[in-house]
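Numbering (our numbering), first residue to last: 16 to 287.
Virtual Cβ for every residue (Gly too), placed ideally from N, Cα, C.
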């Protein structure tokens, strides 16, 4: 009976650790654990309350990219609550308001909005309001309602600015690049933590900042910033760069291809 049990355990070990597919997964887990242990040792030596890192700092987007997950992991020097903000590079956008002009609807107002995150997601160990003050959440822009968007038009009232801000948030939520839900941060023994960050297929490229905040008794104790790069690769990257660097030429080529494709389809139809 003992030998049978031993054989089963050995076979299980081989299945988990020696399979060709699982080998790389196991190796990755070991490397993450080693990296985390090393970070904890450094933190203890330097008396740092918080250390954090990502399983990967570069997410490569190819033509068949369907989204991915990145693991954020770390450790604290004691009990506390965590808030995490994943923020894409800021951009400037233009909002157009439509009004009825006679029998038709037309764009009658254009508003420029600055400091708009291209991607935004918040995660926490529990409800933000349970461990952080409104002042702290607003100061560090934790939560969609605390985003500080810029409005160059100083003639706008606070109420009008807030209406446009909510419009920006709704549009980006609809596109899937803003997450209205607070993600979960898992804590282990009040010291280790992990969070699985889901990135959608349409995530914008650029340099991202993953901010980790440690709270205790309502006070912000420490903060850690981890870089994350989202970049296109392959043919998709070449087309993307060409379209943005020489947009006029790209547009002309696109029109030419469309016209040629239409002509070729019509010619083929006539021959039939």
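Sequence-distant residues of the same chain with beta carbon closer than 6 Å to residue 165, five excluded per side: 129, 130
Where residue 89 falls, given that 16 or more other Cβ within 10 Å makes a residue buried: buried
Identified DSSP bridge partners for residue 90: 66, 207
Outcome for residue 218 when other beta-carbon atoms lying within 10 angstroms are tallied against a minimum of 16: Buried, because 16 or more other Cβ atoms sit within 10 Å of the Cβ of residue 218.
Own chain, CB closer than 6 Å to residue 84, minus 5 neighbours either side, in chain order: 211, 213
Distance between residue 145 and residue 58 (C-alpha atoms, nearest Å): Confidence at residue 58 is low in this model, with a pLDDT of 45, below 50, so its placement is unreliable and no value can be given for it.
Pair within 8 Å by beta-carbon distance, residue 151 and residue 235: Yes.
Residue 74 versus residue 107 - alpha carbon distance: 24 Å
Closest by C-alpha distance to residue 65, when choosing among 156, 238, 247: 238
Exposure label - residue 91; buried when at least 16 CB within 10 Å: buried
Rounded Cβ spacing between residue 104 and residue 221 (contact assumed at less than 8 Å): 4 Å
Whole-angstrom distance between residue 209 and residue 201, CA atom to CA atom: 5 Å
CB-CB length for residue 116 against residue 157, believed under 8 Å: Actually they do not touch by this definition, with Cβ atoms about 41 Å apart.
DSSP three-state assignment for residue 175, whether helix, strand or coil: helix
Span separating the alpha-carbon of residue 251 from that of residue 80: Any reading at residue 251 is ruled out, since the residue's pLDDT is 48, under 50, leaving its predicted position unreliable.
Beta-carbon spacing of residue 127, residue 167 below 8 Å: Yes, the Cβ-Cβ distance between residue 127 and residue 167 is below 8 Å.
Rounded separation between residue 265 and residue 98 - CA only: At residue 265, the pLDDT of 47 sits below 50, so the modelled position is not reliable and the matter cannot be decided from this model.
The beta strand (DSSP E) enclosing residue 75, as first and last residue numbers: Start and end: 73-76.
Beta strand (DSSP E) segment containing residue 150, residue limits: Taken as a continuous stretch (DSSP letters only), residue 150 belongs to no beta strand (DSSP E), being part of the alpha helix (DSSP H) at 149-154.
Between the CA atoms of residue 113 and residue 184 - distance to the nearest angstrom: 18 Å
Where residue 245 falls, given that 16 or more other Cβ within 10 Å makes a residue buried: Classification for residue 245: buried.
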